[in-house]
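Chemist:
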C-alpha cells in the first residue's frame, strides 16, 4: 500500500473538509470523536479517503443542510447490512483494490454471507458483528499493526467483546438448544496455543479465526475438526485418520484435547487408569481399547524410565570426568523415539507403537553397554592408583626401617 | 671399623646385618625408582597431546569432504549435541545444529525435497536453516563450514561463530 | 659418580662452605620434634602444586567460553589428565591444611619469639597467599559452584570500609563476576601469587637455614646450664624422615584421587539463579559461617562490615604477634597466647563443622 507521499497529500485535503471543521466543534462526543480519531490515525485517511467516501454528502458545504443532503449522497451512519454494502463498495471491487492493495482479497463480503454472523444479519439480527465491529470504523489500522483489534494477539479479545458477554449472548443457542457458552476466551487463555501466541511470540499459533475462519466465521463442523487441527498438526491428523477413532469420534481431536482449553498433553491421558482419557469410554479387562491403551502406555513408560535412568548414568559418568559425548547424543536420539512414539500413538494401534519404542530401547541398550565400559574404566583407574599406593607405602615402610637401621648402633660396636 | 669382634661373638650376625642393610638399600632403591616411574610415566603420556588436538568447544571435524556426495547430508556429534552438514545439489556445503527447535528431535536431510526434515512432527527447514513449515518456532542454528587439509583428502571443519 | 660431579663443581664454585654447612647442620631432638615436619610437608605440597599446575597450564584456557571445556578436555581426553587434575585439586586442600597446621604448631610452641620474628611474618604472609591461591584457583574450572562461591566471596570484599567498592572492582575486573574475573584470577593464580610466594618462601627458608630450628620453651627449660639440646644430623637422618612424611602425603594424595575424584560440575551460567546452600571451600567455611551469624545490624553498623573489619584486625594482630607477646620473647611461658591459639583452633574446627551441617 502506498503511504508516505499519500499521507502528506492527504493532510491538506482534510483541512478543507467541512465535515471535520463542523463535527469537531459539536458538544456530543458521539459526533465529535469520530473525525478526531480519523484525523489521528487511519489507514483509509493515509490513502487519501475522507468522510464522504463512506458517509456521502458534500464536504465543501458550510451548512448542515447542504452537507447532509441525501441528494448529494449522504447516507448517515450505516447500520446492519448497510455496513457490509458500504465497505464492500470498495473492498469487493477487484479493479479498485488492485490500485491500492493488489494482494488483498476481495471476497470478504461473500465469505461473510456464509458465516453465522452473516446469516443472522440477513435474518434481521443487528446484534451480530459486522465489518466495523472487528475492524473499527474511524481509526482503522492494518491487520499487521500490533494495535489493530484484528492483530493476531488481539483477535481473541475482539471476539470476546461480544462472545464473552452473557448479556449480549443471551438468547443464542447451540444446535442442541443449549445456550451458547460465553467461556471460550477463559478456556482459550488456559491453552498452549494462547501461551505460544502471547508468551512464546509465535504468531503462527492459532487464535479464534485460525480455526473458525475470518470473515466466514463458523464453528468447524463435526468431521472437519481433524482437518482443521490438521492444518498445523498434519502428522497427528494423518495418523488419526487411519485409526478406528476417526469413524467413531464425533468431534475428532476435540474429544481428547478439548476445543478451546487445549492443554499440554501428558502421558497420563493414555492408558486404562482412573486419570486416563481412554477410561471415559473403555472399561473391562477384555475391552480391545483397554488392551491397546495399556500396552501403548506401558511401552512408552518403559522407554521413558530407560531413558531417564541412562541419562542419569551418563550425566554421572560425565561429571566423574569420562568422555560420554556419543552416549549423550544417543540418549537424545532415544528421546526422539519417545516423541515419535507419542505421535504414532494417535493411530491407536499398539502394534505400530511398539517398534518405535523398541528402536529407542535398542539405542538405550547400546548406551548402557558404553556406560558399563566407562564405569569399568573408572574402576581400572582406581585399581591403578591403588597399585601405585602400594608402591608408595612400600617406600614408606622401607624408609622407616632404613631410619631405624641408621640410628640403631650396630651391636658389635657397642662399647 | 676393622676392630676384631669380641671373642665368642658369631661372625654371621654381622654378615647378616650387612646383608640386611644391602637388602634394605636395594628395597629402597626399587621403591624410589618404581614410584618415580609411577610419576614419570603418566606425566610423559600427559605431555603428548591427544589426537583430538584441542577442546571441542567451537570447532569440530565432521568428516571427509569426499565422503559427502551432492544432495546428501551427514549427522555428526558437535560436542554432545547432534549437528548436520549438508552438501547441496550444486556442491555447496552448509552445516546446522541438528536439534529441531520444536521438541529437540534430531532433524535429517530429505534429498527429494532438498530440505531438512524433522520426523517427529513434520517440521521442515530450507538449506539456509529457515523454517519452511510445521511447528518449529525458530530457525536452526547455523554453523560455519571450512575445508582443511590436502586437496582430495580434506576434512570438513564445522565451527560455531566466535 | 655423584662425587665426580661434586668435585667438578667444587673446583669451579668452591663448595667448601656449603659442604661444611650441610655436614654440620643438625635438627634438635626432643618430644615436640614431630611438629618440625609440617613446614617441609607444606613445602612439598606447594612443589606438587607448582608441578601439576604447570602441567595443567599446557591445556587450560582461561576464558569464560573455553575454561570449562578445557578442563573437561583435560579430564576426558588428555592421557592421565584426570590424574593430574585430581592431584592438583586435592593437593590444594592438603596444602592449605598443612599450612594451617604448621601455623598453629608454631603459634602453640611460640617459635615466633625472638629471634624468629621475620620468619613468622613471612610465614603469615605466605599463609594468606595460600588462601589467595585457593580462592583464585577455585574459580578457574568455571563451573556452577565455583562461579557462585566467587560471587559470594568477592561480594564480601565489598564490606571493607572505604575501599570496599574499589576492592570489588579490583578483584572482579568489573562490577560482576564475568570472563574478566576469570582472566584476572588466572593472572593472580599463575603469575602474581607465585612470584610473591617464591620470594617469600625463599626468604622464609633462608631465615630457617640461618637460624636453625627453634626449640620449644618447655624443652629449653629442662636443659641444665651449658647443656645443649641433642641434635640429629640433617643428612641423612632428618632428610630421610622428611622424605618419609612426603611419601605419606603422596600416598594420601593417591588415595584421595582414587577414591574421591574431583567432579567437573555444571558449566557456570552467569544468568542462572544462585543454587541454594552455596558455600565456599572448607577453609573459608568458618569465616563464612561467622559472617552469616552476625546480625545484619550491630550498634548501628552493618553486621557484615563489622565482621570483615574484625577478621582484618585479627589478621593484622596475628602478623605482629611476636611483638605483642613480650613474655615468650623474654623466654618466659606465655599462657595467654597459648590459650589464644587453642581458642583459635577450637573456633575454626567448631565453626567449620557448624557451617557444614547448616542447611
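Residue numbers (this note's numbering), protein chains in the order written: chain A, 43 to 457; chain B, -2 to 159; chain C, 42 to 400.
A virtual CB, placed ideally from N, CA and C, is assigned to each residue, including glycine.
Only a predicted model underlies this, so the values are computations on that prediction, with no experimental measurement involved.
Quick one, which of A:255, A:428, A:445, A:448 has its alpha-carbon nearest residue 150 of chain A's?
Modeler: Taking the first chain and counting its residues from 1, one reaches residue 150 of chain A at position 108. Ranking the options by Cα distance to residue 150 of chain A, first place goes to A:255.
Chemist: Can you list, in chain order, the residues of its chain whose CB lies under 6 Å from that of residue 200 of chain A, leaving out five sequence neighbours each side?
Modeler: Here residue 200 of chain A is taken as the residue at index 158 of the first chain, counted from 1. Same-chain partners within the cutoff: 176, 191.
Chemist: Please list the residues of the segment 349 to 368 of chain A that have a C-beta atom closer than 9 Å to any C-beta atom in chain D, keeping them in chain order.
Modeler: Annotation note: the requested chain D is absent from the structure, which comprises protein chains A, B and C.
Chemist: For chain C, check one thing: does any of its Cβ atoms lie closer than 7 Å to the Cβ of residue 445 of chain A?
Modeler: By one-based count along the first chain, residue 445 of chain A stands at place 403. Yes, its Cβ sits closer than 7 Å to a Cβ of chain C.
Chemist: Out of C:347, C:339, C:314, C:340, point me to the one whose CA is closest to residue 328 of chain C's CA.
Modeler: Looking up residue 328 of chain C in the third chain gives position 287. Minimum Cα distance to residue 328 of chain C is reached at C:347.
Chemist: I'd like to know whether the C-beta atoms of residue 267 of chain A and residue 250 of chain A end up nearer to each other than 7 Å.
Modeler: For this step, residue 267 of chain A is matched to residue 225 along the first chain. For this step, residue 250 of chain A is matched to residue 208 along the first chain. Taking 7 Å as the Cβ cut-off, residue 267 of chain A and residue 250 of chain A do not qualify as a contacting pair.
Chemist: Distance, Cα to Cα, residue 115 of chain A vs residue 96 of chain A?
Modeler: For this step, residue 115 of chain A is matched to residue 73 along the first chain. For this step, residue 96 of chain A is matched to residue 54 along the first chain. C-alpha separation (whole angstroms): 10 Å.
Chemist: Give the range of the alpha helix (DSSP H) segment to which residue 208 of chain A is assigned.
Modeler: Within the first chain, residue 208 of chain A is the residue found at index 166, counting from 1. Its alpha helix (DSSP H) spans residues 208 to 211.
Chemist: Can the beta-carbon of residue 231 of chain C be found closer than 7 Å to that of residue 191 of chain C?
Modeler: Here residue 231 of chain C is taken as the residue at index 190 of the third chain, counted from 1. Here residue 191 of chain C is taken as the residue at index 150 of the third chain, counted from 1. Result no, Cβ atoms of residue 231 of chain C and residue 191 of chain C do not sit closer than 7 Å.
Chemist: For residue 214 of chain A, which residues from the same chain have a beta carbon less than 6 Å from its beta carbon, with the 5 sequence-adjacent residues on both sides left out?
Modeler: In the first chain, counting from the first residue as 1, residue 214 of chain A sits at position 172. Contacts found: 222.
Chemist: Pull out every residue of the segment 80 to 103 of chain A whose Cβ sits closer than 7 Å to any Cβ of chain B, in chain order.
Modeler: Here the close residues number zero.
Chemist: Between which two residues does the alpha helix (DSSP H) harbouring residue 328 of chain C extend?
Modeler: Against the third chain, residue 328 of chain C aligns to sequence position 287. Residue 328 of chain C -> alpha helix (DSSP H) spans 323 to 334.
Chemist: Can you round the beta-carbon distance between residue 96 of chain C and residue 43 of chain B to whole angstroms, since I take them to be within the 8 Å contact cut?
Modeler: Taking the first residue of the third chain as position 1, residue 96 of chain C is located at position 55. Taking the first residue of the second chain as position 1, residue 43 of chain B is located at position 46. Confirmed, Cβ separation roughly 6 Å.
Chemist: Could you check whether the segment 140 to 159 of chain C touches the segment 204 to 218 of chain C, counting it as contact only if at least three pairs of C-beta atoms, one from each stretch, sit closer than 8 Å?
Modeler: No: the two stretches stay apart, fewer than three of their Cβ pairs being nearer than 8 Å.
Chemist: Tell me which same chain residues have a C-beta within less than 7 Å of the C-beta of residue 119 of chain B, skipping the five on either side of it?
Modeler: Taking the first residue of the second chain as 1, we reach residue 119 of chain B at position 122. Closer than 7 Å at the Cβ level, and outside the excluded window around residue 119 of chain B, lie 131.
Chemist: Count the other CB atoms, across all protein chains shown, that sit within 10 Å of the CB of residue 281 of chain A; report buried if there are 16 or more and exposed otherwise.
Modeler: Translated into the one-based positions of the first chain, residue 281 of chain A becomes position 239. Buried: at least 16 other Cβ atoms inside 10 Å.
Chemist: What does residue 442 of chain A touch in chain C if you count any residue whose Cβ is under 8 Å from its own?
Modeler: Indexing the first chain from 1 puts residue 442 of chain A at position 400. Within chain C, the residues near residue 442 of chain A are 285.
Chemist: I'd like the ranges of any alpha helix (DSSP H) spanning at least 4 consecutive residues and lying wholly in the segment 264 to 321 of chain A.
Modeler: Complete alpha helix (DSSP H) runs here, min 4: 267 to 272, 276 to 283, 287 to 290, 296 to 299.
Chemist: Answer yes or no: does any C-beta atom of chain A fall closer than 7 Å to that of residue 126 of chain B?
Modeler: Position 129 of the second chain, counted from the first residue, corresponds to residue 126 of chain B. Not one chain A Cβ lies under 7 Å of residue 126 of chain B.
Chemist: Could you tell me whether the segment 290 to 305 of chain C touches the segment 354 to 365 of chain A, using the rule of 3 or more Cβ pairs below 8 Å?
Modeler: Result yes; three or more Cβ-Cβ pairs closer than 8 Å.
Chemist: Quick one: grab the DSSP three-state call for residue 87 of chain C.
Modeler: Taking the third chain and counting its residues from 1, the one referred to as residue 87 of chain C is at position 46. Three-state result, residue 87 of chain C: helix.
Chemist: Could you name the residues of chain B that residue 119 of chain C contacts, counting a contact when the two beta carbons are closer than 7 Å?
Modeler: Taking the first residue of the third chain as 1, we reach residue 119 of chain C at position 78. Neighbours of residue 119 of chain C on chain B, chain order: 43, 47.
Chemist: Use the C-beta contact count for residue 120 of chain A: other C-beta atoms within 10 angstroms, 16 or more gives buried, fewer gives exposed.
Modeler: To locate residue 120 of chain A, count along the first chain from 1; it is residue 78. Residue 120 of chain A should be labelled buried.
Chemist: Which of helix, strand or coil does DSSP assign to residue 52 of chain A?
Modeler: The sequence position of residue 52 of chain A within the first chain is 10, counting from 1. A caution first: residue 52 of chain A carries a pLDDT of 42, below 50, which makes its placement in the model unreliable, though a value can still be read off. Three-state DSSP puts residue 52 of chain A in a helix.
Chemist: Output needed in chain order: residues of the segment 98 to 115 of chain C with a Cβ under 7 Å from some Cβ in chain A.
Modeler: Listed in sequence order: no entries.
Chemist: Just how far apart, CA to CA, sit residue 79 of chain A and residue 180 of chain A?
Modeler: In the first chain, the residue the question calls residue 79 of chain A occupies position 37. In the first chain, the residue the question calls residue 180 of chain A occupies position 138. For residue 79 of chain A and residue 180 of chain A, the distance between alpha carbons rounds to 6 Å.
Chemist: Output needed for residue 372 of chain C: all residues of its chain with C-beta closer than 6 Å, excluding positions within five of it in sequence on either side, in chain order.
Modeler: Residue 372 of chain C sits at position 331 when you count from the first residue of the third chain. Once the five neighbours on either side are set aside, residue 372 of chain C has no close Cβ partner at all.
Chemist: Drop a sphere of 10 angstroms on the beta-carbon of residue 345 of chain C, count the other beta-carbons inside from all chains shown, and report buried for 16 or more, exposed for fewer.
Modeler: Here the question's residue 345 of chain C lines up with position 304 in the third chain. Answer is buried; the Cβ neighbour count reaches 16.
Chemist: Do you know how far the Cα of residue 102 of chain A is from the Cα of residue 57 of chain A?
Modeler: Residue numbering aside, residue 57 of chain A sits at position 15 when the first chain is read from its first letter. Residue numbering aside, residue 102 of chain A sits at position 60 when the first chain is read from its first letter. Because the pLDDT at residue 57 of chain A is just 48, under 50, the model does not fix this residue reliably, and the value given afterwards should be weighed accordingly. If I take the Cα positions, the gap works out to 11 Å.
Chemist: Who are the near neighbours of residue 258 of chain C in its chain, counting only those whose CB is closer than 7 Å to its CB and skipping five residues on each side?
Modeler: The sequence position of residue 258 of chain C within the third chain is 217, counting from 1. Around residue 258 of chain C: 151, 369, 372, 374.
Chemist: With 8 Å as the C-beta to C-beta threshold (strictly closer), list the residues of the segment 122 to 138 of chain C near chain B in chain order.
Modeler: Per Cβ criterion, the list reads 122, 124, 125.
Chemist: Compute the beta-carbon to beta-carbon distance between residue 136 of chain C and residue 171 of chain C, rounded to the nearest angstrom, for a pair I have assumed lies under 8 Å.
Modeler: For the purposes of this step, residue 136 of chain C is identified with residue 95 of the third chain, where counting begins at 1. For the purposes of this step, residue 171 of chain C is identified with residue 130 of the third chain, where counting begins at 1. Correct: roughly 6 Å between the Cβ atoms.
Chemist: Starting from the C-beta of residue 157 of chain B, find all residues in its chain whose C-beta is less than 7 Å away, skip the five residues before and the five after it, and write them out in chain order.
Modeler: Residue numbering aside, residue 157 of chain B sits at position 160 when the second chain is read from its first letter. Closer than 7 Å at Cβ, skipping near neighbours: 55, 140.
Chemist: DSSP three-state call for residue 300 of chain C: helix, strand or coil?
Modeler: Your numbering for residue 300 of chain C matches position 259 in the third chain. If DSSP states are grouped into helix, strand and coil, residue 300 of chain C belongs with the helices.
Chemist: How would you call residue 109 of chain B, buried or exposed, if buried means at least 16 neighbouring beta carbons within 10 angstroms?
Modeler: Sequence index remark: in the second chain, residue 109 of chain B carries index 112 (1-based). Classification for residue 109 of chain B: exposed.
Chemist: Please list the residues of the segment 430 to 441 of chain A that have a C-beta atom closer than 8 Å to any C-beta atom in chain B, keeping them in chain order.
Modeler: Under the 8 Å Cβ criterion, the segment 430 to 441 of chain A contributes 430, 433, 434, 436, 437, 440, 441.
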